[in-house]
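Residue numbers (the working numbering), protein chains in the order written: chain A, 107 to 316; chain B, 291 to 411.
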Amino acid sequence: MSLAGAVSAGPHIFWITSRAAGTAALALSSLAVCAGLLVGARGGALKGMGGDVKALHEALSLATLAAIAVHGAALLGDRYLHPSMFDISVPFTGAYRPFWTGIGIVAGWGIAALGLSYYARTSVGQARWRSLHRFTALFWLLGIGHTLGAGTDAGQPWFLAMLAVPAAPAVVLLLRRLGRGYGKTVSPVSSSTIDIATAGQTSAASRISS
Amino acid sequence: MPPMDDPGLLEAKGLARAKIRAKRRRVRTVRRRTLRGSLVLFAVVWAIVFAQLVSGNDPALSRAPVADRRTVAHKVRPPRTEFAPEAEPEPLEEVAPEPEFAPEPEVEVAPEPEPIVTGAS
């Protein structure tokens with residue numbers, strides 16, 4: 107390591123924070139996609155652990171959203187880029203690599219919308235929500251594109267390792283799922299059976315507690 | 291229908307309650323661990339980026355080997371190092387493609403020969 111180009115970190119704190127949050131968001135989203143695909147592929151090796159994986163998927167998704175928010179918000183304090191709220195929230199309008207940054211903004215909004223729609227799934231409709239939720243994987247891939255296209259650390263070995271380690275299993279699971287056909291893994295029959303079972307469990311629990 | 295105080299039914303109820311409680315506890319543990327893990331991940335990445343920057347190996351700020359990456363970014367903006375020029379006095383001389391950041395001796399020397407030529411003719 108050479109210290110010849112050493113720089114005072116003070117003025118770059120927001121930039122460092124944004125980069126760290128972006129990298130964390132990428133790793134967390136990859137893990138969340140992984141967990142989500144495992145939840146979708148019920149049974150098999152995960153038998154009996156479905157509830158835990160579902161909780162993990164939800165927690166990872168919320169952590170991803172928080173990291174994305176920090177990634178964008180931290181840039182507002184950066185004196186070099188000095189983006190406005192408009193620049194970080196409206197795609198393809200910023201001055202810095204507008205295409206790749208725009209893709210990232212689209213991915214961020216997409217992940218937020220599809221992730222948070224989980225809490226409105228009863229009003230959206232369970233089946234419709236499920237088919238919409240599958241597009242999260244597409245926004246995740248857009249996020250990877252954004253990282254490689256606009257990421258400052260995109261060429262760094264540690265960063266590529268951090269990208270590949272959680273993303274590789276997610277890609278494998280996604281390809282397996284696509285190979286099998288998205289709709290076949292959780293068929294309407296099986297999903298309704300699960301919903302009925304869950305509803306039965308909930309009502310039983312409420313009856314017990316009352 | 292069995293009576294409500296049937297010992298078998300009470301036992302089943304207790305078992306169901308315990309199962310639900312255990313499930314909730316597991317979910318809470320998963321959430322707490324995920325939150326902790328996420329914070330650790332963020333802190334580790336932050337430390338890596340920070341160390342990279344202060345040691346002069348930042349891909350956007352370091353001088354020598356990654357100059358090509360910087361030139362792409364600097365089509366629109368001046369170099370990011372403008373905030374901390376005092377930290378790196380030596381490398382400035384080596385950086386030729388940044389005239390607006392550090393007025394190099396070559397930039398000043400270059401126009402000098404021309405007046406001499408015109409003066410002679």
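Just so you know, even glycine gets a beta-carbon here, dropped at the ideal spot from N, CA and C.
Contacts with chain B at 8 Å (Cβ-Cβ) do not include A/H252. As summarised for the stretch 154–193 of chain A, there are no continuous beta strand (DSSP E) elements at least 3 residues long confined to that stretch. A/G210 is not a Cβ neighbour of A/G261, given a cutoff of 8 Å.
A residue is called buried when at least 16 other Cβ atoms come within 10 angstroms of its Cβ; A/T170 meets this threshold and is buried. Contact residues of the stretch 163–186 of chain A toward chain B are E164, A165, L166, L168, A169, T170, A172, A173, V176, R185 and Y186 (C-beta to C-beta distance below 9 Å). DSSP places A/L137 in the helix class (H, G or I) of the three-state scheme. In the assembly as shown, A/T228 is an exposed residue. Its beta-carbon has fewer than 16 other beta-carbons within 10 Å. No Cβ of chain A is located within less than 8 Å of the beta carbon of B/P297. The three-state reading of DSSP puts A/A260 in coil, since its state is none of H, G, I, E or B. Interface annotation for the stretch 237–269 of chain A against chain B: T258, D259, G261, Q262 and W264, criterion Cβ-Cβ distance under 7 Å. With 16 or more neighbouring CB atoms inside 10 Å of its own CB, B/P349 falls in the buried class. Beta-carbon to beta-carbon, A/L279 and A/L143 are separated by about 4 Å, close enough to satisfy the 8 Å threshold.
Inter-segment contact for the stretch 125–142 of chain A and the stretch 298–305 of chain B is absent: fewer than three beta-carbon pairs are separated by less than 8 Å. In this structure, the straight-line span from the alpha carbon of A/W246 to that of A/A218 is close to 11 Å.
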